[in-house]
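Listed in order, the protein sequences are those of chains H and E.
For the first sequence, counting from 1, position 482 maps to 481 in numbering that gives the first Met the number 0; every step adds exactly one.
For the second sequence, counting from 1, position 241 maps to 240 in numbering that gives the first Met the number 0; every step adds exactly one.
Glycine residues also receive a C-beta, built at the ideal position from the N, C-alpha and C atoms.
Nothing here was measured: the structure is a model prediction, and the numbers come from that model.
Everything on this sheet refers to the single structure shown next.
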Amino acid sequence: MRTKWFIKSKLLTRRLAALSMSALVISTLAACGGSSNPPTAEEAGKYEATPGDPFSAYKDEITVTMGRVTTANPKLPAGDTYENNAYTRLVKETFNAKIKDQFEANGEDYSRQVSLAIASGELPDMMRVDSKDELKELVDNDLIEDMTEIYKQYATDNIKNIYDSYEGRALDSATIDGRLMGLPATSLDSAPTMVWVRQDWLDLLGIQLDADGDGAIKLDDVEKTAEEFLKRDPGQSGKPVGIPFVNTLNTSDYNASAYTMLGVASTKGAFPQYWMKGKDGSIVYGSTTKETKQMLGVMADWFKRGLIDPQFGTRTFDDITALYTNGQSGIAFGPWHIPDWGLSSVKQMDKNAKFTAYTLEDADGKVNVAHANPANQFIVVRKGYEHPELAVKIVNLFYDKLANDKNVETSMPEAAKYQENGVDGSTRPFNIEVNSATSLLDDYSDIVRGIKGEISLDQVRTTESKNNIKSIQTYLSDMDTDNVTSWAKYHSRINGVGLIDKLTRENKFVWMTPAFSGTTPSMKQTWANLTKMEQESFIKIVTGAESLDYFDTFVSNWKKQGGDQVIQEIEDEAASEK
Amino acid sequence: MKQGNDRAKGRLGTGAMYHLMMLPGILFLLVFSYVPMVGVITAFQDYIPAKGMFGSKFVGLKHFIYMFKLPDIAQVFSNTLVIAIAKILLGTMMAIIFSILLNEIRIKFVKKSVQTIVYLPHFLSWVVLASVVVNMFSLDGIVNQILAFFGLENINFLGSNTWFQPLIIGTDVWKEFGYSSIVYLAAITSIDPGLYEAAGMDGASWWRKVWHITLPGMLPIILLMGVMSLTNILSAGFDQIYNLYNPVVYESGDILDTYVYRIGLVGRQYSFGTAVGLFKSVIGIVLLLSANHLAKKYTDRKIF
Numbered sequence: 000m001r002t003k004w005f006i007k008s009k010l011l012t013r014r015l016a017a018l019s020m021s022a023l024v025i026s027t028l029a030a031c032g033g034s035s036n037p038p039t040a041e042e043a044g045k046y047e048a049t050p051g052d053p054f055s056a057y058k059d060e061i062t063v064t065m066g067r068v069t070t071a072n073p074k075l076p077a078g079d080t081y082e083n084n085a086y087t088r089l090v091k092e093t094f095n096a097k098i099k100d101q102f103e104a105n106g107e108d109y110s111r112q113v114s115l116a117i118a119s120g121e122l123p124d125m126m127r128v129d130s131k132d133e134l135k136e137l138v139d140n141d142l143i144e145d146m147t148e149i150y151k152q153y154a155t156d157n158i159k160n161i162y163d164s165y166e167g168r169a170l171d172s173a174t175i176d177g178r179l180m181g182l183p184a185t186s187l188d189s190a191p192t193m194v195w196v197r198q199d200w201l202d203l204l205g206i207q208l209d210a211d212g213d214g215a216i217k218l219d220d221v222e223k224t225a226e227e228f229l230k231r232d233p234g235q236s237g238k239p240v241g242i243p244f245v246n247t248l249n250t251s252d253y254n255a256s257a258y259t260m261l262g263v264a265s266t267k268g269a270f271p272q273y274w275m276k277g278k279d280g281s282i283v284y285g286s287t288t289k290e291t292k293q294m295l296g297v298m299a300d301w302f303k304r305g306l307i308d309p310q311f312g313t314r315t316f317d318d319i320t321a322l323y324t325n326g327q328s329g330i331a332f333g334p335w336h337i338p339d340w341g342l343s344s345v346k347q348m349d350k351n352a353k354f355t356a357y358t359l360e361d362a363d364g365k366v367n368v369a370h371a372n373p374a375n376q377f378i379v380v381r382k383g384y385e386h387p388e389l390a391v392k393i394v395n396l397f398y399d400k401l402a403n404d405k406n407v408e409t410s411m412p413e414a415a416k417y418q419e420n421g422v423d424g425s426t427r428p429f430n431i432e433v434n435s436a437t438s439l440l441d442d443y444s445d446i447v448r449g450i451k452g453e454i455s456l457d458q459v460r461t462t463e464s465k466n467n468i469k470s471i472q473t474y475l476s477d478m479d480t481d482n483v484t485s486w487a488k489y490h491s492r493i494n495g496v497g498l499i500d501k502l503t504r505e506n507k508f509v510w511m512t513p514a515f516s517g518t519t520p521s522m523k524q525t526w527a528n529l530t531k532m533e534q535e536s537f538i539k540i541v542t543g544a545e546s547l548d549y550f551d552t553f554v555s556n557w558k559k560q561g562g563d564q565v566i567q568e569i570e571d572e573a574a575s576e577k
Numbered sequence: 000m001k002q003g004n005d006r007a008k009g010r011l012g013t014g015a016m017y018h019l020m021m022l023p024g025i026l027f028l029l030v031f032s033y034v035p036m037v038g039v040i041t042a043f044q045d046y047i048p049a050k051g052m053f054g055s056k057f058v059g060l061k062h063f064i065y066m067f068k069l070p071d072i073a074q075v076f077s078n079t080l081v082i083a084i085a086k087i088l089l090g091t092m093m094a095i096i097f098s099i100l101l102n103e104i105r106i107k108f109v110k111k112s113v114q115t116i117v118y119l120p121h122f123l124s125w126v127v128l129a130s131v132v133v134n135m136f137s138l139d140g141i142v143n144q145i146l147a148f149f150g151l152e153n154i155n156f157l158g159s160n161t162w163f164q165p166l167i168i169g170t171d172v173w174k175e176f177g178y179s180s181i182v183y184l185a186a187i188t189s190i191d192p193g194l195y196e197a198a199g200m201d202g203a204s205w206w207r208k209v210w211h212i213t214l215p216g217m218l219p220i221i222l223l224m225g226v227m228s229l230t231n232i233l234s235a236g237f238d239q240i241y242n243l244y245n246p247v248v249y250e251s252g253d254i255l256d257t258y259v260y261r262i263g264l265v266g267r268q269y270s271f272g273t274a275v276g277l278f279k280s281v282i283g284i285v286l287l288l289s290a291n292h293l294a295k296k297y298t299d300r301k302i303f
């Protein structure tokens, strides 16, 4: 972990140096900013063998620089890197385009890199941005290409159908002033933050969680289990640790969040960091509600009793993953896909590790969950890059051709091997998902029927599902298998998505639709400070540095220091849209 | 005639050469210190990178006013001052004491080995040292194990607002005192040994010699180093804190540089960040000038 830091910090220093030269850079930037025009499709055509074709290659090798979002445990085969792997080689082969990474980073470090890239004016040719806010800023600054025409011309029918399955919401989110400014990642409602519990430890200690077997458990159950794990140290690490949480505590994205307290929040009907409609129809910020206060009450109580990691707040994401890997902790809050990239490292260290997924239900036995934001990740192309259509073509290649080709083994053998071995999707050129709105449960039904033999492998919709079926069958035939991929796929699909599927059918979810998900003008100045205040206040309350009543002080400060203004702006925006 | 001409040419020749040798330094200063100064204009604008300094709108003192309205700014300022002053004071004291003690060691081999060991941490970056510090001071780190051995309660050094500042100051002093003692060692060697002999004749103890000869002899250097370090009084060490802090200790550990970095750069409020940075420089200049003035007034020595 620390070596990674070192590399990152070298990059950081370089970029900071670049920034200190900003006076120079800025003036040059200003000089060329106005003059460059986006190349038209015809112009682009002169580089391509068959212009306008969704998969056309370039006559001469071209280079594309990228900002890449990495993962702690991508499972790349030895020798392969984010820059040079089966997927990037596939792009080279198919399009004659060579991918170079301008920066690679993960989590908050990635956002920093993007910020620095914008500040220094050194944008990579393509990168992912992680909020509408950033997308807007790039448009305001005239730094990225208009993709409207290129998308129409180059996207395959399949890709268009996928985006259309969101009834316009997906593309709308990337559209500013009627122009499509980026390719959005689709975010489907992947439902609640789950509680992943070490099943082998439960068995060892003879604890029966979820006696009624409905997949939903109460806060009490989590508490008791955490207590037992602490007391009896089933991982035999000698230093068991309570439930670890990341210090951001919350996120407005259920799907991409791990180790947050959203699970606890849902039991109180709290939606921190979401904009919601209050009972009287006015806009409310979820982090300031009394439900959130109740949630913090639970957390503070847990912390006092040692059920939460005593070093809460100071640990990084990787530190937390290490706690699970070392067998020091056995309860993890996270989305359905966390076994694929996070918990899989536990299996690597401990052959016997098994997890079961639960959701937390409220006092009425319902599971509260918020609808996902329409989209909060976008692939953007630097203004002035000669081949903006390459972005669409890469999307075509990975989210249509590679996903749907029935003969991947022969047509793209190297990539097929990657998929079989469960190499993380983040190693693709774009670390995003582009799936139809119903794909999560569609794929699940394919997988279940595939395992049972009700449909043949050729009838399965996507290549990924096909591989998942094979992996899961491997796991089912030998549950003690050493094969980490098949272990992970079983856990994420059958345990994780299976639970979502079951609870959906049983109608156990209560959905909250966010009232607002964008940014307002005054947020630009105040939001960084407000977010800092929220994070600090919550940590203080949880760790007991402040009493629970400090929450009220936080709320009134939050309102005074710009929160009220932001709410007013959102109300105005809503009023003007009517 | 011929001779004189030669001599004149020679003088001019060497002088020009000397001046030429300054060129890289001047260029360096121009490019890295003076050109970026133009950038302070952005502190008075709503700066948008793509529009550049000439296209962005001027907003006067808006960002400065916002800065003083921020509730945390007083806290951040006091953190910066406390940490920086403590680092300067303790660091200088340690370095002086160490150099005096080291000077007493007569065995060359021991002296050299001690020196090397103490200099070493200076050459490691905080990126590396931070992980060492984190490992030592975390809840299950060696320091807490020692505390536990003596039956003391465990302390979450990196997550405690009481302990974070002492930790930052202590580790910084540890890292730097050896290296900064080099100057003081040099100062000690330049003191006339005759003075010590004379004092010895008069029956002065070791302590008396240090007090009346060594320390006064070092005074100009101590003063010089002190005044110079004042320019950095508002830079309490970005790398160190950035690599060690976390949201729990923002309250006690956030300094101007980390605050500007987070709110200004990561939050992409460039103008605001520049405004805070500019304010910091202004205070730095005021401090430097007044320190120089005081030094002249009371000790009749100054650096410029």
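Check whether residue i and residue j have beta carbons under 9 Å apart
i      : j      : result
D71/E  : S270/E : no
S281/H : T320/H : no
V459/H : G452/H : no
N351/H : P513/H : no
A331/H : A257/H : yes
M193/H : G262/H : yes
Pick from the options that is closest to residue i, judged by C-alpha positions
i      : options                           : result
L182/H : N83/H, F429/H and T288/H          : F429/H
A544/H : M298/H, G277/H and V263/H         : M298/H
G305/H : M294/H, P239/H, S491/H and D220/H : P239/H
V265/E : S425/H, F244/H and L115/H         : L115/H
Y357/H : A77/H, K501/H, F537/H and T518/H  : K501/H
N245/E : N160/E, L287/E, L255/E and Y183/E : N160/E
N72/H  : S491/H, G424/H and W557/H         : G424/H
G234/H : E385/H, L547/H and Q327/H         : Q327/H
I282/E : I232/E, M135/E, G252/E and W125/E : I232/E
D252/H : L295/H, F508/H and A190/H         : A190/H
Y549/H : K289/H, Y398/H, D563/H and A77/H  : K289/H
D61/H  : P53/H, S536/H, D52/H and I98/H    : It is worth fixing the name first, because residue 61/H is Ile in this sequence and not Asp. Of P53/H, S536/H, D52/H and I98/H, the residue nearest in Cα terms is I98/H.
D399/H : A154/H, S410/H and K135/H         : A154/H
S464/H : I431/H, Q418/H, T480/H and W486/H : Q418/H
S186/H : K382/H, A436/H, T542/H and K559/H : A436/H
Residue i - DSSP class collapsed to helix/strand/coil
i      : result
G185/E : Reading the sequence as shown, one finds Ala at residue 185/E and not Gly. Here A185/E sits in helix by DSSP.
M200/E : helix
P38/H  : Unreliable positioning characterises P38/H in this predicted model, as indicated by a pLDDT of 48, which lies under 50. The coordinate reading is nonetheless provided below. In the structure shown, P38/H sits in coil (DSSP, three-state: anything other than H, G, I, E or B).
L277/E : helix
M36/E  : helix
D45/E  : strand
N482/H : coil
Q101/H : strand
E82/H  : coil
W510/H : strand
R1/H   : Annotation note: pLDDT 36 at R1/H (below 50); position unreliable, coordinate value reported separately. It is helical.
A22/H  : Summary for A22/H: the model assigns pLDDT 36, below 50, so the residue's position carries little reliability, and this model does not support an answer.
R187/H : Here residue 187/H is Leu; the residue named in the question, Arg, does not match the sequence. Three-state DSSP puts L187/H in coil, outside helix and strand.
Host beta strand (DSSP E) of residue i (start-end)
i      : result
K276/H : W274 to K276
V196/H : M193 to R197
T355/H : F354 to L359
T230/E : Where T230/E is concerned, there is no enclosing beta strand (DSSP E), given that its DSSP letter is neither H nor E.
R127/H : M125 to V128
N367/H : V366 to A369
message = Please give the ranges of any beta strand (DSSP E) in the region 265-329 of chain H, keeping only runs that are unbroken, at least 3 residues long and fully inside the region.
response = Here the runs fully enclosed are 274-276 and 282-284.
request  = Mind listing, in chain order, the continuous alpha helix (DSSP H) runs of no fewer than 4 residues lying wholly within the region 492-544 of chain H?
outcome  = Taking only runs of at least 4 residues, the alpha helix (DSSP H) segments lying wholly in the region 492-544 of chain H are 497-504 and 522-542.
task = Please specify which runs of the alpha helix (DSSP H), each continuous and at least 4 residues long, are wholly inside the region 60-118 of chain E, giving them in chain order.
result = Along the length of the region 60-118 of chain E, whole alpha helix (DSSP H) runs at least 4 residues long occupy 61-68, 72-103 and 107-118, reported in chain order.
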